[in-house]
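Peer 1:
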Amino acid sequence: MGNRSDKPMNPLEMLAYILSKQINDHEVVYIGTGLPMIAGILARKTHAPNIVLVYESGGQDPMEGALPWSVGGPATWRKSPLIMEMPYSFGQLYNGYVDKAFLGFAQIDMYGNVNTHMIGKDFLKPDHRLTGSGGNNDLSSLAENMILVGLQSPQKFVPKVDFITSPGFLDGGDSRKKAGLLGNGPICVITQAAVFDFEPETKRMRVKSLHPGVSFDLCQLACGFELLKPEGEIPVTEVPSKEILEILRNEVDPRGVFTTIPGM
Amino acid sequence: MGKFSFNEEAIKNLKITDTSILERLVDFEHARKWHLSKDRSRKDKRMSLKEAVAEYVSDGDIMTDGGFCYVRTSIQSYFEVIRQQKKNLQFCSSPNTNHSYMINAGCCRYSHNSYIGAEMRGIDRNYARQLKAGKVNILSEWSHGSMAQGFKAAQLGLPGVFSKQLLGSDMIKYNPYVKVMQNPMRNDPDPVVFIPAIYPDVSIIHVHAADKKGNARFFGPAVNDIAMAAATRKLIITAEEIVPESDIRYNNKGVYIPAMYVDAVVELPFGAVPGQMPGCYYWSRQWWEMAFRYAMKSDENFQHFLEYWVYSVKDQYEFIEKLGGARWIAESRRLTKAEEYDNEDIGVNFDYEEYTSGEWPEDMSKMRFY
Numbered sequence: 034m035g036n037r038s039d040k041p042m043n044p045l046e047m048l049a050y051i052l053s054k055q056i057n058d059h060e061v062v063y064i065g066t067g068l069p070m071i072a073g074i075l076a077r078k079t080h081a082p083n084i085v086l087v088y089e090s091g092g093q094d095p096m097e098g099a100l101p102w103s104v105g106g107p108a109t110w111r112k113s114p115l116i117m118e119m120p121y122s123f124g125q126l127y128n129g130y131v132d133k134a135f136l137g138f139a140q141i142d143m144y145g146n147v148n149t150h151m152i153g154k155d156f157l158k159p160d161h162r163l164t165g166s167g168g169n170n171d172l173s174s175l176a177e178n179m180i181l182v183g184l185q186s187p188q189k190f191v192p193k194v195d196f197i198t199s200p201g202f203l204d205g206g207d208s209r210k211k212a213g214l215l216g217n218g219p220i221c222v223i224t225q226a227a228v229f230d231f232e233p234e235t236k237r238m239r240v241k242s243l244h245p246g247v248s249f250d251l252c253q254l255a256c257g258f259e260l261l262k263p264e265g266e267i268p269v270t271e272v273p274s275k276e277i278l279e280i281l282r283n284e285v286d287p288r289g290v291f292t293t294i295p296g297m
Numbered sequence: 080m081g082k083f084s085f086n087e088e089a090i091k092n093l094k095i096t097d098t099s100i101l102e103r104l105v106d107f108e109h110a111r112k113w114h115l116s117k118d119r120s121r122k123d124k125r126m127s128l129k130e131a132v133a134e135y136v137s138d139g140d141i142m143t144d145g146g147f148c149y150v151r152t153s154i155q156s157y158f159e160v161i162r163q164q165k166k167n168l169q170f171c172s173s174p175n176t177n178h179s180y181m182i183n184a185g186c187c188r189y190s191h192n193s194y195i196g197a198e199m200r201g202i203d204r205n206y207a208r209q210l211k212a213g214k215v216n217i218l219s220e221w222s223h224g225s226m227a228q229g230f231k232a233a234q235l236g237l238p239g240v241f242s243k244q245l246l247g248s249d250m251i252k253y254n255p256y257v258k259v260m261q262n263p264m265r266n267d268p269d270p271v272v273f274i275p276a277i278y279p280d281v282s283i284i285h286v287h288a289a290d291k292k293g294n295a296r297f298f299g300p301a302v303n304d305i306a307m308a309a310a311t312r313k314l315i316i317t318a319e320e321i322v323p324e325s326d327i328r329y330n331n332k333g334v335y336i337p338a339m340y341v342d343a344v345v346e347l348p349f350g351a352v353p354g355q356m357p358g359c360y361y362w363s364r365q366w367w368e369m370a371f372r373y374a375m376k377s378d379e380n381f382q383h384f385l386e387y388w389v390y391s392v393k394d395q396y397e398f399i400e401k402l403g404g405a406r407w408i409a410e411s412r413r414l415t416k417a418e419e420y421d422n423e424d425i426g427v428n429f430d431y432e433e434y435t436s437g438e439w440p441e442d443m444s445k446m447r448f449y
């Protein structure tokens with residue numbers, strides 16, 4: 034990967050850092066593939082060494098080790114005290130043993146509904162077929178607190194997702210509760226531009242903090258629906274220290290699988 | 080009127096004209112009758128992979144994908160299914176990673192999906208293409224958890240379970256098997272989803288060790304395999320090694336599958352290659368990169384890929400020769416042990432040359448499939 038230590042922080046590294054900051058020490062965290070895995074491991078190597086990671090294939094509380102390539106791979110159950118089955122690990126979410134769960138998205142709408150199924154109008158003949166749910170729907174249905182992460186663009190932040198794979202607040206208001214879903218729903222959305230939360234009444238997406246150098250207008254430009262503004266001055270998102278960036282680059286993702294961008 | 084009351088909206092949305100194709104997956108009576116008629120004798124069930132696939136995988140079967148994506152998955156057995164050119168299979172698994180190439184090979188026409196793709200190796204562009212070309216039809220859409228509950232309900236001997244998954248999602252509109260209902264235990268409005276027990280026709284599960292009757296031991300994530308073994312009508316166990324029954328009885332930790340479920344026992348060292356087998360070998364990263372970056376680009380590429388890795392290969396040993404032979408085995412074992420245990424301080428290096436070109440390599444012998 035060459036020497037990354039001289040390079041400035043890239044957006045994916047920023048994402049991984051903010052994501053890791055959502056995790057408090059001693060929490061139980063349900064982890065999906067990709068950036069959430071990076072964030073979980075970064076959190077454990079920095080401010081939250083005592084968290085327990087749970088994976089959908091059944092891996093539980095692995096010892097620190099190499100970065101998992103697969104949520105079924107050895108690093109998700111490395112010297113685990115025990116390894117569960119898939120339905121049991123989702124049962125841990127339902128029964129209230131998991132504090133936070135992380136989810137990526139291909140499309141997201143203003144109520145935090147997530148699509149990872151397909152892009153297009155015809156489900157049977159989509160423009161692009163994506164992975165489908167995997168564990169995403171289970172996490173979004175059952176988790177006490179959902180944290181959504183992905184890159185922001187008008188194509189991804191859309192007024193209406195082409196397919197609801199993982200419900201957020203559905204049509205807003207109390208529609209999530211009425212549908213019978215558990216937990217608080219999405220508590221925040223993290224992108225390369227900003228951190229968002231949801232306005233408590235309408236459940237519409239609202240800017241919580243903007244990353245350094247990003248204005249509200251720029252953030253709105255990269256979004257296909259109208260964003261809500263918080264009251265008062267919008268805070269600037271905290272950036273990782275040099276030390277944390279080094280841990281991320283040298284210890285968490287030394288091969289740069291998840292946190293390098295070609296050309297950056 | 081048929082025996083089953085499917086979710087009408089999903090039938091309509093999926094454009095399923097003949098619902099009989101949906102029935103066997105939830106036909107409990109059929110599965111029970113099948114299980115009742117299984118040979119109960121404590122016999123030696125060993126046979127070759129060829130024999131097992133020829134006898135127990137039938138055209139039109141609902142087949143599962145075992146393990147997780149490429150972890151302890153019976154990939155070499157699926158290649159044998161391709162070589163025997165089985166037809167019209169339905170694939171039903173969480174995840175359905177090893178389902179896409181079965182479509183190109185002409186073996187699989189129907190999907191019960193919860194996940195398509197191979198995680199970090201990316202989106203399965205091939206599946207999308209086959210879907211658009213009408214080469215594969217989706218019969219039901221699930222989440223990992225809800226499908227896992229269907230298998231688990233079958234294992235536990237239940238008509239189905241009430242779930243809190245899928246509510247509010249569009250999968251409800253594309254899954255003929257699930258229904259939103261009121262929780263009968265509650266007075267306040269409490270929507271739940273009924274998930275029926277699901278019974279596949281055939282499962283091939285790869286394990287670390289089995290005795291000749293089929294008692295099977297494995298470690299690492301069980302995923303859905305324990306439940307699938309109980310639910311499926313026909314079960315082929317492939318094992319890294321065959322051990323005496325006394326070994327199973329005295330070391331019964333990790334023996335999750337009892338012989339009574341098992342129809343065939345196949346001694347199949349390296350049966351999960353090019354995936355990972357806990358304690359035994361690491362997954363071949365370059366191979367999967369080639370599958371996703373070369374084969375999935377076009378139908379022609381895929382045929383070429385299958386020709387090289389499946390049709391022109393007799394068994395897993397020839398496959399491993401193409402990966403790099405005994406040297407590949409040794410390195411692959413070193414990698415997996417380093418990732419699973421704590422011997423990375425002996426200097427195991429996970430660096431490798433990523434396959435990125437998307438082109439067929441000019442000199443295959445230069446590829447290092449670690």
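Chains as they are written, first to last, in this note's numbering: chain A, 34 to 297; chain B, 80 to 449. Ideal Cβ positions, reconstructed from N, Cα and C, are used throughout, including at glycine.
Beta carbon of residue 337/B, beta carbon of residue 90/B: below 8 Å?
Peer 2: Result no, Cβ atoms of residue 337/B and residue 90/B do not sit closer than 8 Å.
Peer 1: Put residue 205/B into one of helix, strand or coil per three-state DSSP.
Peer 2: Helix.
Peer 1: Can you tell me whether residue 195/A is buried or exposed, with buried defined as 16 or more other CB within 10 angstroms of its CB?
Peer 2: The residue in question, residue 195/A, is buried, as its Cβ has 16 or more Cβ neighbours within 10 Å.
Peer 1: Quick one: give me the first and last residue of the alpha helix (DSSP H) that residue 114/B is part of.
Peer 2: Where residue 114/B is concerned, the enclosing alpha helix (DSSP H) stretches over 107-115.
Peer 1: Taking beta-carbon pairs under 9 Å, can you tell me which members of the segment 155-189 of chain B lie near chain A?
Peer 2: Residues passing the 9 Å Cβ filter: 173, 174 and 175.
Peer 1: Output needed for residue 118/A: all residues of its chain with C-beta closer than 6 Å, excluding positions within five of it in sequence on either side, in chain order.
Peer 2: Result list for residue 118/A: 91, in chain order.
Peer 1: With a threshold of 8 Å, are at least 3 pairs of Cβ atoms found where one atom belongs to the segment 146-162 of chain B and the other to the segment 102-115 of chain A?
Peer 2: As far as the Cβ criterion goes, the segment 146-162 of chain B touches the segment 102-115 of chain A, which means the pair count is three or higher.
Peer 1: Which residues, in chain order, does the segment 118-140 of chain A contribute to contact with chain B at a C-beta distance below 7 Å?
Peer 2: So the list reads 118, 119, 120, 123 and 127, given in the order they occur along the chain.
Peer 1: Hey, how far is the Cα of residue 98/B from the Cα of residue 166/B?
Peer 2: Those two C-alpha atoms are separated by around 19 Å.
Peer 1: What residues are listed by DSSP as bridge partners for residue 242/A?
Peer 2: 228/A.
Peer 1: Taking only beta carbons into account, state which residues of the segment 293-313 of chain B come closer than 9 Å to chain A, listed in chain order.
Peer 2: Per Cβ criterion, the list reads 298, 299, 300, 301, 302, 303, 304, 305 and 306.
Peer 1: Does the Cβ-Cβ distance between residue 291/A and residue 67/A come in under 8 Å?
Peer 2: Their beta carbons are under 8 Å apart, which means residue 291/A touches residue 67/A by this criterion.
Peer 1: How would you write the range of the alpha helix (DSSP H) that residue 260/B sits in, first residue to last?
Peer 2: Looking at the DSSP string, residue 260/B is not in any alpha helix (DSSP H); the run it does join, the beta strand (DSSP E), is 258-261.
Peer 1: Assuming residue 171/B is part of the beta strand (DSSP E), what are its boundary residues?
Peer 2: Residue 171/B -> beta strand (DSSP E) spans 168-172.
Peer 1: Based on the DSSP secondary-structure assignment, which residues constitute the bridge partners of residue 133/A?
Peer 2: Beta-bridge pairing links residue 133/A to 62/A.
Peer 1: Say whether chain B places a C-beta atom closer than 8 Å to the C-beta of residue 212/A.
Peer 2: True, the Cβ-Cβ gap to chain B drops below 8 Å.
Peer 1: Identify whether residue 264/B lies in helix, strand or coil by the three-state DSSP scheme.
Peer 2: In the structure shown, residue 264/B sits in coil (DSSP, three-state: anything other than H, G, I, E or B).
Peer 1: Give the interface partners of residue 147/B over in chain A, defined as CB-CB distance under 9 Å, in chain order.
Peer 2: What residue 147/B touches in chain A: 89, 90, 91, 103, 104, 105, 106 and 119.
Peer 1: Does any residue of chain B bring its CB to less than 8 Å from the CB of residue 229/A?
Peer 2: Not one chain B Cβ lies under 8 Å of residue 229/A.
Peer 1: In the structure shown, what three-state DSSP assignment does residue 226/B receive?
Peer 2: Three-state DSSP puts residue 226/B in a helix.
Peer 1: Please classify residue 274/A as buried or exposed, where buried requires at least 16 other C-beta atoms within 10 Å of its C-beta.
Peer 2: Its Cβ having fewer than 16 others within 10 Å, residue 274/A is exposed.
Peer 1: Just the chain B side, please: which residues come within less than 9 Å of residue 168/A by C-beta, in chain order?
Peer 2: Those are 173, 193, 194, 222, 223 and 224, listed as they occur along chain B.
Peer 1: Any idea what DSSP makes of residue 231/B, helix, strand or coil?
Peer 2: Correct three-state label for residue 231/B: helix.
Peer 1: In whole angstroms, what is the alpha-carbon distance linking residue 156/B and residue 108/B?
Peer 2: Approximately 29 Å, taken between the alpha carbons.
Peer 1: Residue 247/B and residue 203/A: beta carbons closer than 8 Å?
Peer 2: Yes, the pair counts as a contact, with Cβ atoms nearer than the cut-off.
Peer 1: In whole angstroms, give me the CA-to-CA distance for residue 213/A and residue 154/A.
Peer 2: Approximately 27 Å, taken between the alpha carbons.
Peer 1: What distance in whole Å lies between the Cβ atoms of residue 438/B and residue 252/B, which are believed to be in contact at a cut-off of 8 Å?
Peer 2: About 41 Å separates the two Cβ atoms, so there is no contact after all.
Peer 1: Check the C-beta distance from residue 449/B over to residue 372/B and give it rounded, since I have them as a contact under 8 Å.
Peer 2: In fact, because the Cβ distance is near 17 Å, the residues do not count as touching under 8 Å.
Peer 1: Between residue 106/A and the ligand ADP, is the CB less than 7 Å from at least one heavy atom?
Peer 2: As for the ligand ADP, it is missing from this structure, which has no ligand bound.
Peer 1: Cutting at 7 Å between CB atoms, please list the residues of its own chain near residue 263/A, excluding the five before and the five after it.
Peer 2: Result list for residue 263/A: 239, 240 and 241, in chain order.
Peer 1: Quick one, which of 340/B, 231/B and 168/B has its alpha-carbon nearest residue 119/B's?
Peer 2: The option with the nearest alpha carbon to residue 119/B is 340/B.
Peer 1: Looking at C-beta atoms only, is the number of pairs between the segment 327-334 of chain B and the segment 139-149 of chain A that lie closer than 8 Å three or more?
Peer 2: No: fewer than three Cβ pairs fall under 8 Å.
Peer 1: Tell me, please, whether the CB atom of residue 206/B is closer than 8 Å to any CB atom in chain A?
Peer 2: Interface residue, yes.
Peer 1: Pair every Cβ in the segment 310-323 of chain B with every Cβ in the segment 287-298 of chain B, then say whether three or more of these pairs are closer than 8 Å.
Peer 2: Yes: the two stretches touch, three or more of their Cβ pairs being nearer than 8 Å.
Peer 1: Quick check on residue 202/B - is its C-beta less than 8 Å from some C-beta in chain A?
Peer 2: So yes, residue 202/B belongs to the interface.
Peer 1: Which residue or residues does DSSP assign as beta-bridge partners of residue 162/A?
Peer 2: Per DSSP, 151/A.
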